[in-house]
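S.K.:
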Amino acid sequence: MCVKDKKYFYNVYGLNLESEIMIPELTILDLIYKDNIDVKIIFGFMNENIKQKIDKKEIAGYNSDEVWFHINNVGTYLIQNGDTVTIELCENPDLNILKVYILGSVLGIILLQRNTVAIHGGSIVINNKGCIFTGDKGAGKSTLTTALRQRGYDFVSDDVGAIELSDIPMINPGFGYQKLCEDAMTKLGYDSSKFTPFRSDMNIKYIVPALDNFVKEKVPFQALFEIEQGDTQKVEVVEVTGNEKLQKIIKNIFRIEVLMYSGGVPADYFKKCIEIAKYIKFYKITRPKNQFTINEQIEIIENIIYQRSDKILKKLG
């Protein structure tokens, strides 16, 4: 995966990448675009300032145009100006984990630096409408996204919904793989022994192919669903409107803490969030704790997207 002096070309989240690291999960870039590169991923060395901070056991640093973070036994990542990622490897690095961080945090920070609104959640196409499913860790967004994909709905992205603002908001495609925890693997019928595990946020996860119904073109962004667990006996849904909708969009930005540590949400970024809030619908789905209610959640979502108003009202009641 790490061959010096070799370059690989990919497209993800609407960006053309040139990488010194092979990342087979990403879509290969068409040859005609290789002179139009947005982001370069290279091997290199950190400056003395960063090295000294790592020696002092610091693990990350932020400012308006530069973010770095260090992962033990993997390497240090430096993301600059939304167009350059420099990676200094540790000795004998875990190359699978190296790649996982590129596919997650690194690309998410690139999007922030490029002033792209990116929602933390999986994206699915239902009735020709792009839907993003967000929520806190453990809420069940990846499980829900996978279950929808297994039902035949087109898959756009796993963990990041990168929004492009044109005449209407559009979701740019990510890559045709999903990261699932062991519990979700079991509930959704996957044999975890057939997939390579990795550790993420103290949990064991697996990268699962989702290529059969992966969409490689951007899709209209129509609805955002926030999943949460609550003290309820059945799945409940409410539409969120007004200022609360805007607040929830901002809350669910991927790696929003980077903006907060770097001086707050820029005015033009905030305006983009307002434009998105004007266009999309936002729903909060509360599911019972300690119950597997995927079928009920999907039924409610389908009723909303297909505008089955009588059934929606019945569920709300």
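For the sequence shown, the working numbering gives the first residue as 132, with consecutive numbering after it. Glycine included, every Cβ here is placed at the ideal spot set by N, Cα and C. All figures in this text were calculated on a predicted structure; none of them were measured in a lab.
#1: For residue 277, tell me which candidate among 224, 205, 339 and 267 has the shortest Cα-Cα distance.
#2: Within 10 Å of its beta-carbon, does residue 285 have 16 or more other beta-carbons around it, so buried, or fewer, so exposed?
#3: According to the neighbour-count rule (16 or more other Cβ atoms, all chains shown, within 10 Å of its Cβ), is residue 369 buried or exposed?
#4: Please list the terminal residues of the continuous beta strand (DSSP E) segment that includes residue 240.
#5: Residue 434 lies in the alpha helix (DSSP H); which residues open and close that run?
#6: Starting from residue 334, trace the alpha helix (DSSP H) both ways and give me its first and last residue.
#7: Would residue 328 pass as a contact of residue 313 if the rule is Cβ separation under 9 Å?
#8: Within its chain, find whatever has a CB closer than 8 Å to the CB of residue 184; leave out the 5 residues flanking it on each side and keep chain order.
#9: Any idea if residue 322 is buried or exposed, counting beta-carbon neighbours within 10 angstroms, 16 or more meaning buried?
#10: Considering Cα atoms alone, identify which of 203, 424 and 352 is closest to residue 224.
#11: Using 10 angstroms around the beta-carbon of residue 394, count the other beta-carbons present and answer buried if the total reaches 16, otherwise exposed.
#12: Between residue 282 and residue 178, what straight-line distance do the alpha-carbon atoms span, to the nearest angstrom?
#13: Please report the straight-line C-alpha distance between residue 232 and residue 364, rounded to a whole angstrom.
#14: Go ahead and label residue 317 buried or exposed: buried means 16 or more other beta carbons lie within 10 angstroms of its beta carbon, across all protein chains shown.
#15: Just to confirm the assignment, what range does the beta strand (DSSP E) spanning residue 85 have?
#16: When you compare the CB positions of residue 229 and residue 302, do they come within less than 9 Å of one another, or not?
#17: Rounded to the nearest angstrom, what separates residue 419 and residue 357 at their Cα positions?
#18: Which of helix, strand or coil does DSSP assign to residue 346?
#19: Taking the alpha-carbon of residue 159 as reference, which of 140, 222, 200 and 170 has the nearest alpha-carbon?
#20: When the Cα atoms are used, what is the spatial distance from residue 349 to residue 309?
#21: Looking at the secondary structure, which residues open and close the alpha helix (DSSP H) in which residue 392 lies?
M.R.: Well, looking at it:
#1: Residue 339 is the option with its Cα nearest to residue 277.
#2: That one is buried.
#3: Classification for residue 369: exposed.
#4: No beta strand (DSSP E) contains residue 240, which is instead part of the alpha helix (DSSP H) from 238 to 244.
#5: Boundaries of the alpha helix (DSSP H) around residue 434: 425 to 436.
#6: Run containing residue 334: none in the alpha helix (DSSP H); it sits in the beta strand (DSSP E), 334 to 340.
#7: In contact: residue 328 and residue 313 (Cβ atoms closer than 9 Å).
#8: The beta carbon of residue 184 is closer than 8 Å to those of 192 in its chain, skipping five residues each way along the sequence.
#9: Exposed: under 16 other Cβ atoms inside 10 Å.
#10: Closest by C-alpha distance to residue 224, out of 203, 424 and 352, is 203.
#11: By the 10 Å Cβ count, residue 394 comes out exposed.
#12: Whole-angstrom Cα-Cα distance: 49 Å.
#13: For residue 232 and residue 364, the gap between their C-alpha atoms comes out near 37 Å.
#14: Exposed: under 16 other Cβ atoms inside 10 Å.
#15: The requested residue 85 does not occur in the structure, where the chain is confined to residues 132 to 448.
#16: Taking a C-beta distance under 9 Å as the contact criterion, residue 229 and residue 302 do not qualify as a contact pair.
#17: For residue 419 and residue 357, the distance between alpha carbons rounds to 14 Å.
#18: Correct three-state label for residue 346: coil.
#19: Answer by Cα proximity: 140.
#20: Linking residue 349 to residue 309 through their CA atoms gives a straight-line distance of about 18 Å.
#21: Going by DSSP, residue 392 is part of the alpha helix (DSSP H) stretching over 387 to 392.
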